[in-house]
Amino acid sequence: MVPLPTTHRLNIMSYTFPIPANEIPDAPLIADVCVDQDQSNLSAVAWGAVFAGAATAASLWMILMILGAGLGLSSIPLWRNADITTGTVGVSAIAWLVFSTIVASGMGGYLAGRFRTRWLGVPRDEVWFRDTAHGFLAWSVSALVTATLLTTMIGSVVSNGIQADAAYAESMPGAEVTAIRANGGGTGDRLSYYIDTLYRTDTTDVPRSAPSAAASAEIARVFNNGLHQGSLPAADIRYLGATVAEQTGLSQDDAQIRVADTFGQLQSRLGELDVNERALAEQARKTAATATIWLFIALLSGAFLASLMAILGGRQRDA
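Converting from the sequence shown to this note's numbering requires adding 6 to each position, the first position being numbered 1.
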């Protein structure tokens, strides 16, 4: 073998080793390469831990809310007896809602972080981020479940409230007039009271006969028309006055005064009911707005605490 010239050997050495030997990076270990390859094939989300945390959070929240409902129902007698105020009941309900949401979300996030699979070869910052994400995912799934339960519960409460309000409204004098407006002039038990007052008499000299169904329906239609117009026309007052005078023996003037007074009482009562309905509607709007804001605060606090507790669970898992 013929040796190369010295100049050629120097050129080959300078080309083959362009950087010093002490600056050449170390080759990765075979074990590290295997770990990286194994981790690349695994999902960063442990869905089993997420669903376990979500189920825990939803179940615990439901249990705490049932307990809160029982405590609230037991305090109704105290509220009726004025031992506690409505404001106290509202603040207690809001506080219990926030407490239940935070406790349930925190427990679900902790279990999601504690049950997740241990990651090998993952930087610490990435582990913290994944633990936070696991807690947030557990809260998200539990929030969807509780939202479904809330929708069912709220629908039931609203339905029961509508039925109770309808039953209460039927006991009010203005309910019959509302029914008259709906059916075009029919009569009912409550409106019949005002019609009967037109035919009352203090003497037994005049034979008293109850008005017929046709006469009562006619008076109801006349009153209904007056309520729409805001006042009873003079012609209707004279007409009804003549009918009342014939049945009761009153003079025409006294009968007209009775008709006008009875209609005025009915109109005044309806005005009071309208004011009460507007007040109740405004109160319901304020209550709904307050409840919505506090529900948002409770859910946001639950999401934060679930993420924080997931980090704690993850640290204890890796310790």
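Ideal Cβ placement from N, Cα and C applies to all residues, glycine included.
From a predicted model like this one, the values you see are computed outputs, not experimental measurements.
Residue i in three-state terms, based on DSSP
{"i": "Trp125", "result": "coil"}
{"i": "Val51", "result": "coil"}
{"i": "Tyr116", "result": "helix"}
{"i": "Arg291", "result": "helix"}
{"i": "Leu256", "result": "coil"}
{"i": "Thr203", "result": "helix"}
{"i": "Leu305", "result": "helix"}
{"i": "Ala58", "result": "helix"}
{"i": "Leu238", "result": "coil"}
{"i": "Ser313", "result": "helix"}
{"i": "Ser198", "result": "helix"}
{"i": "Ser80", "result": "helix"}
{"i": "Ser111", "result": "helix"}
{"i": "Ala220", "result": "helix"}
{"i": "Ala325", "result": "coil"}
{"i": "Gly320", "result": "helix"}
Contacting residues, own chain, Cβ-Cβ under 6 Å from residue i (five flanking each side not counted)
{"i": "Tyr200", "result": "Thr268, Leu272"}
{"i": "Ala64", "result": "Ser148, Val151, Thr152"}
{"i": "Leu66", "result": "Ala110, Met113"}
{"i": "Gly319", "result": "Tyr116, Gly119, Arg120"}
{"i": "Leu156", "result": "none"}
Buried versus exposed, by CB contacts within 10 Å (16 or more), residue i
{"i": "Val250", "result": "buried"}
{"i": "Arg130", "result": "exposed"}
{"i": "Leu286", "result": "exposed"}
{"i": "Thr107", "result": "buried"}
{"i": "Ala226", "result": "buried"}
{"i": "Trp145", "result": "buried"}
Pairwise C-alpha distance: residue j and residue i
{"i": "Ser177", "j": "Gly232", "result": "Legend: pLDDT at Ser177 = 47, less than 50; position of this residue unreliable, value from coordinates given subsequently. So the alpha carbons of these two residues sit roughly 23 Å apart."}
{"i": "Ala50", "j": "Arg136", "result": "7 Å"}
{"i": "Thr298", "j": "Lys292", "result": "10 Å"}
{"i": "Leu197", "j": "Ala261", "result": "19 Å"}
{"i": "Ala221", "j": "Ile82", "result": "47 Å"}
{"i": "Ala219", "j": "Thr158", "result": "45 Å"}
{"i": "Gly127", "j": "Ala110", "result": "32 Å"}
{"i": "Ala325", "j": "Gly54", "result": "21 Å"}
{"i": "Ala294", "j": "Met71", "result": "18 Å"}
{"i": "Tyr205", "j": "Ala241", "result": "19 Å"}
{"i": "Gly236", "j": "Gly78", "result": "44 Å"}
{"i": "Ala290", "j": "Ala52", "result": "44 Å"}
{"i": "Glu283", "j": "His234", "result": "18 Å"}
{"i": "Glu278", "j": "Leu311", "result": "49 Å"}
{"i": "Glu132", "j": "Ala309", "result": "20 Å"}
{"i": "Val281", "j": "Ser274", "result": "11 Å"}
{"i": "Glu288", "j": "Leu276", "result": "18 Å"}
Option nearest residue i by Cα separation, candidates the options
{"i": "Val56", "options": "Gly319, Arg321, Arg122", "result": "Arg122"}
{"i": "Thr62", "options": "Thr94, Thr158, Ala325, Gly119", "result": "Gly119"}
{"i": "Leu143", "options": "Leu156, Leu66, Tyr245, Gly59", "result": "Gly59"}
{"i": "Arg244", "options": "Thr254, Ile263, Gly255", "result": "Ile263"}
{"i": "Ser80", "options": "Val95, Leu66, Ser111", "result": "Val95"}
{"i": "Thr154", "options": "Ile108, Met68, Thr203", "result": "Met68"}
{"i": "Gln253", "options": "Thr296, Gln289, Thr203", "result": "Thr203"}
{"i": "Arg323", "options": "Tyr116, Ser274, Gly277", "result": "Tyr116"}
{"i": "Thr207", "options": "Gly76, Ile72, Ala309, Gly255", "result": "Gly255"}
{"i": "Ala99", "options": "Gly76, Asp280, Glu283", "result": "Gly76"}
{"i": "Leu314", "options": "Gly112, Leu66, Val97", "result": "Gly112"}
Cβ neighbours of residue i in the same chain (closer than 8 Å, five flanking residues each side left out)
{"i": "Ile317", "result": "Gly119, Trp134, Asp137, Thr138, Gly141"}
{"i": "Ala266", "result": "Leu238, Ile243"}
{"i": "Val104", "result": "Trp300, Ile303, Ala304, Ser307"}
{"i": "Gly74", "result": "Ala99, Trp102, Leu103, Ser106"}
{"i": "Val97", "result": "none"}
Same chain, Cβ closer than 7 Å to residue i, five either side skipped, listed in chain order
{"i": "Phe229", "result": "Phe269, Leu272"}
{"i": "Gln258", "result": "Gly247, Ala248, Ala251"}
{"i": "Arg321", "result": "none"}
{"i": "Thr296", "result": "none"}
{"i": "Arg124", "result": "Arg323, Asp324"}
Contact with chain B by residue i, beta-carbon distance below 8 Å
{"i": "Phe135", "result": "The chain labelled as chain B is not found in the depicted structure, where only one protein chain is given."}
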